[in-house]
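Chemist:
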Amino acid sequence: MEDTLRRKLEAKPLNFESFFSEKALGMKASEIRELLKLVESSDIISLAGGLPAPETFPVEMIKEISAEVLEKHADKALQYGTTKGFTPLRLALASWMERHYAIPMSKVEIMMVAGSQQALDLIGRTFINPGDVVAVEAPTYLAALNAFGYYEPEFLSIPLDDDGMKVDLLEEKLEELEKEGKKLKFVYTVSTFQNPAGVTMSVERRKKLIELAKEYDFLIVEDNPYSELRYSGEPVPPIKHFDDEGRVLYLGTFSKILSPGFRLGWVAAHPHFIRKMEIAKQAIDLCANTLSQVIAWKYVEEGYLDRHIPEIIEFYRPRRDAMLEALEEYMPDGVRWTKPDGGMFVWLTLPEGIDTKLMLEKVIARGVAYVPGEAFFAHRDVKNTMRLNFTYVPEEKIREGVRRLAEVLKEELH
Ligand code: PMP
Ligand code: G9A
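Numbering that gives the first Met the number 0 applies: residue 0 is where the sequence shown begins, and numbers increase by one.
1. In this structure, how does DSSP classify D2 when only helix, strand and coil are distinguished?
2. Grab me the residues of E277's own chain with a C-beta within less than 8 Å of its C-beta, minus the 5 sequence neighbours each way, in chain order.
3. With distances taken Cα to Cα, identify the nearest neighbour of L119 among Y249, A91, E108.
4. Nearest-angstrom Cα distance between G302 and L285?
5. Do T55 and F314 count as a contact pair if the criterion is CB distance below 8 Å?
6. Give me, in chain order, the residues of the same chain whose beta-carbon lies closer than 7 Å to that of A405; leave out the 5 immediate sequence neighbours on both sides.
7. Measuring straight from C-alpha to C-alpha, what distance separates A23 and G123?
8. If you follow the alpha helix (DSSP H) that E440 is part of, which residue opens it and which one closes it?
9. Starting from L159, trace the beta strand (DSSP E) in both directions and tell me its first and last residue.
10. Express the C-alpha separation of Y100 and P236 in angstroms, rounding to a whole number.
11. Closer than 7 Å to a non-hydrogen atom of ligand 2 - does that hold for the CB of N194?
12. Whether or not the segment 389-409 and the segment 64-80 are in contact is what I'm after, with contact meaning three or more pairs of Cβ atoms, one per stretch, closer than 8 Å; do they touch?
13. With distances taken Cα to Cα, identify the nearest neighbour of Y230 among E310, Q292, L326.
14. Using a threshold of 7 Å, is the CB atom of P224 nearer than that to any non-hydrogen atom of ligand 1?
15. Can you grab the Cα-Cα spacing for the pair L13 / R6, in whole Å?
16. Is the segment 212-222 close to the segment 283-299, with three or more CB pairs under 8 Å?
17. Can you list, in chain order, the residues of its chain with a C-beta nearer than 8 Å to that of L412? Leave out the 5 residues immediately preceding and following it.
18. Here's a check: name, in chain order, each residue in its chain whose Cβ is nearer than 6 Å to the Cβ of W336, leaving out the five neighbours to either side.
19. Under the DSSP definition of a beta bridge, which residues are partnered with S45?
20. DSSP three-state label for K83, please.
21. Cα-Cα, which of G163, A10, K11 is closest to D340?
22. Throw me the rounded Cβ distance for the R318 and T390 pair, which I believe falls under 8 Å.
23. Examine ligand 2 and report whether any of its heavy atoms sits within less than 7 Å of the Cβ of R262.
24. By DSSP, does T415 sit in helix, in strand, or in coil?
25. Can A279 and I397 be called in contact, C-beta distance under 8 Å?
26. Among the residues of its own chain, which have a CB less than 6 Å from the CB of G232, if the five just before and after it don't count?
27. Among V189, E16, D160, which has the Cα closest to the Cα of M343?
28. Measuring straight from C-alpha to C-alpha, what distance separates S105 and E221?
29. Distance check for P158 and V133, CA to CA, integer angstroms please.
30. Considering only C-alpha positions, which residue in the set G130, L121, F15, E177 is nearest to A143?
31. With DSSP collapsed to three states, give me the class of V123.
32. I'd like to know whether the C-beta atoms of E97 and P270 end up nearer to each other than 8 Å.
33. How is G333 classed by DSSP in three states: helix, strand or coil?
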C-alpha cells in the first residue's frame with residue numbers, strides 16, 4: 000500500500016490545477032478544520048475547534064434507543080428515505096419547536112439535512128446568484144462564509160456588539176443599497192450565543208430585523224445551533240417566532256444536543272422554499288442518514304432530548320465560568336472579551352497591532368490552540384481578535400490554557 004502511494008507521488012506530476020473547475024480553484028480550506036487536524040493528534044490544550052465534550056454524548060440513551068430501533072424499525076432505518084426526511088421525526092420536531100419556541104410549525108415546513116452545514120450550502124445553491132448581496136455579521140461563522148462564498152455573493156459585513164448584530168447599521172446600509180439600485184437577498188445571523196462572538200441578539204433587534212425584512216423585501220437565515228445551551232439569563236425567542244410571512248429560514252441541528260456524529264440537522268421554512276431546497280438536495284445525497292433520523296425521532300418523541308438538555312447545561316456551565324474567571328485573572332490590560340450566557344465561545348479583542356494569526360505559532364509552541372479571528376470576517380480586515388472554545392477541555396485545562404495564552408500576550412505587548 001505504502002509502496003503504491005510512493006510510486007504515484009514520485010511519478011511525473013500531472014498538471015493537477017489544470018483539471019479543476021474555476022469554482023474549485025477558488026475554494027478555501029476552513030481554518031478550523033485545518034487546526035483540528037493539527038490538534039487532534041497531540042496533547043495541545045485545544046481552545047480552538049467548536050467541539051462538544053464527548054462526556055455529554057448520551058451513550059446509554061443511544062444504545063437503548065438504537066436497540067429498539069433495530070428491533071422494531073429496521074425496515075425504515077436501514078432503507079433509503081424520502082429527501083425531505085423521515086416523517087415521524089419531522090412531525091416530532093414541528094411539535095418540539097411549537098412547544099419550545101411558540102412557533103406554529105407543520106411537517107411540510109421541515110426538511111432534514113446532513114447537519115446544518117448542509118443547509119448552508121443548500122441555501123447558497125437555492126438563493127444566491129453571483130453578485131447578490133448577502134449581509135453577514137462581522138464576525139460570523141466562517142464555514143457559512145465558505146459555503147455561501149462558493150456561489151459568489153457580495154458580502155455586506157454588519158458589526159456586532161453585546162446585543163448582537165447592529166441592526167441600525169444594517170438599516171443605514173439598506174438605504175445606501177436602495178440608492179445604488181441594489182437589493183439585499185438575505186441576512187445570515189447566528190442569533191443566539193453567536194459563533195464566534197458568543198453574543199445574543201436582543202429581542203428589540205429581532206423585531207426590528209423582521210420589520211426591515213418586510214420593508215426592504217429580503218429573507219433572514221437564522222442559524223440556531225446553540226440556543227438550548229443556556230447557562231444564565233432568560234431565554235429569548237428565535238427570530239422565526241416573530242415571522243408571520245415565511246421570510247425566515249430557520250436552521251436547527253442535533254450536533255450540540257445529541258451528537259455531531261449523527262450529522263443531522265433541519266431547515267424550517269415556508270413550504271415553497273423547502274420544495275426548492277428539496278430538489279437541490281435530491282442531487283446531492285438523495286436523503287439524510289436514515290438510521291440517524293429514526294434514532295433521533297425516538298430521542299425527541301419520547302422525551303429523551305428534554306431530559307438530556309439540562310444535563311449538558313450543568314456539564315458546560317462550570318467550563319464557561321472557569322474560562323471567564325481565568326480571563327479575569329490572567330489577561331493583561333487592554334484585552335476585552337465577551338461574557339456569553341450560553342453556547343460554546345468567548346471572543347477576545349486584543350490591542351491594535353497584534354496579529355493573532357502570526358501569534359498562533361508561539362501559542363501552539365506553549366501547547367495551546369485558539370482560532371485567529373481574521374477568518375470570521377467576510378473581508379478578512381480585522382487582525383487582533385481570536386475565538387476561544389470552553390466546551391471541549393476540562394476546567395483545569397481551560398485555566399492552564401488561558402494562563403499560557405496570557406503569558407504569550409504579555410510578551411507580545413512588551
Ligand atoms: N452553523 C453554526 C453557527 C455552527 O457553529 C455550526 C457548527 N459548529 C454549524 C452551523 C454546522 O453544524 P452541523 O453541520 O454539525 O449541524
Ligand atoms: O468544523 C467543525 O468541526 C465544526 C466546528 C465548528 C466551529 O468550530 O465553529
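Cβ coordinates follow ideal geometry from the N, Cα and C atoms, glycine included.
Modeler: Taking the definition as stated:
1. helix
2. T82, K83, M110
3. Y249
4. 29 Å
5. yes
6. Y329, M330, P331
7. 15 Å
8. Within the shown structure, residues of the chain are numbered from 0 to 413, placing residue 440 beyond reach of any answer.
9. 153-160
10. 6 Å
11. yes
12. no
13. E310
14. yes
15. 14 Å
16. no
17. P331, G333, P350, I353
18. L326, V345, L347
19. A368
20. coil
21. G163
22. 6 Å
23. no
24. Outside the shown range of the chain, which is 0 to 413, sits residue 415, and nothing can be said about it.
25. no
26. D340
27. V189
28. 18 Å
29. 14 Å
30. L121
31. Here residue 123 is Gly; the residue named in the question, Val, does not match the sequence. Reduced to three states, the DSSP call for G123 is helix.
32. no
33. coil
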